[in-house]
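Note that our numbering has the sequence shown beginning at 158, numbered continuously upward.
Glycine included, C-beta positions come from ideal geometry on N, C-alpha and C.
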Amino acid sequence: MNQCKECGSYAINVGKGGRDESDSDLCDVCYWRKRWIERGVEIERLRADLDALKETLAGVKSMHADALEELYELRSRMGR
Ligand SMILES: [Zn+2]
């Protein structure tokens, strides 16, 4: 019987309870803990990407507002 390489448990049920065939040397608890940690890292990365996108969007909005202001100013100078 296989033993978990992390904790020594024998509760290794590869392919059952939602597990795929990977990490067959991990017990069910360590298998899911590993995925949970990976998800956390992924979520942090996505949050950082989202923050960067928000910053970019704010910059674009500001440029757009500036361009509109310039346009209105030009129009008013042209008497329209
Ligand atoms: Zn384990």
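DSSP places E201 inside the alpha helix (DSSP H), whose first and last residues are 185-234.
A224 and L231 have their C-alpha atoms spaced approximately 11 Å apart.
Distance from the CA atom of C164 to the CA atom of V217, rounded to whole angstroms, is 51 Å. By the Cβ-count criterion, L203 is exposed, with fewer than 16 other Cβ atoms from all chains shown falling within 10 Å of its own Cβ. Between D180 and K191, the gap from beta carbon to beta carbon is short of 8 Å.
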